[in-house]
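See below for the structure under consideration.
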DNA sequence: ACAATAAGTCAGATTTTTATGACTACTACC
DNA sequence: GGTAGTAGTCATAAAAATCTGACTTATTGT
């Protein structure tokens, strides 16, 4: 079938948009741009955020390859979330959106 | 008062992202880029869409200034939704997102 | 040993979004 | 007058996203 590509074609941007628009996501993204993040710190600094949602949001961003979850084996032994290369590639898009809003 | 890096201010991109990520929004946007749209046509061509959601989506996109709602007084007397200038400015951003997904 | 910090998970409650079906109002056609 | 098309609204229902508070596991501090 050449013409019938598919009946349920979805915008490629759809999934990405949905991922980025979720609660706390832009916030997390912005903070990630500024530097590595840690779970309990985020919980304290993001006013109104709750564990569950942050946990889910971080996991989704990680799964999407925008954040890297890194276990730092040094002294306090903790976990850091870093912006990945793919995540960095998204920065200019965010900037354009901001400039537009 | 300890380092209360209060993040009360929201990302400017947040609202715009949320607006664009809603159900049927990317779909509507894509169709709007292709040409003027009409309500009942959309209902028929967008598989699975329902009046209410389409109505709300169109209204939100219009309120955000991305679509213009135009009453065509000519013969069949109908309403058309056109991509506005602001909406057109968003096209390259969508393209970048698509290229990234 | 006991308490605190870090990074979560889990079940259930609440809120927000999206979907359904019935109904309205206006125009046009036969 | 009856039927169909266009463009919706409204109340309600179902589904999805988000929040709450209790609980967990492992590490570190006193």
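Protein chains in written order, with the numbering used here: chain W, 1 to 101; chain D, 1001 to 1101. Cβ coordinates follow ideal geometry from the N, Cα and C atoms, glycine included.
- In this structure, DSSP gives residue 66/W a state outside helix and strand, which the three-state scheme calls coil.
- The segment 1042-1091 of chain D contains, as complete alpha helix (DSSP H) runs of 4+ residues, the segments 1051-1063 (chain order).
- Around the beta carbon of residue 1035/D, fewer than 16 other beta carbons sit within 10 angstroms, so the residue counts as exposed.
- Membership of residue 1013/D in the alpha helix (DSSP H) is indicated by the continuous run 1012-1021.
- Assignment of beta-bridge partners to residue 37/W by DSSP yields 81/W.
- In terms of beta-carbon proximity, residue 1083/D stays away from the interface with chain W, with every pair separated by 8 angstroms or more.
- One Cα belongs to residue 1060/D, the other to residue 1025/D, and the distance between them is close to 9 angstroms.
- Listed along chain W are 100, each with a C-beta nearer than 7 angstroms to that of residue 1089/D.
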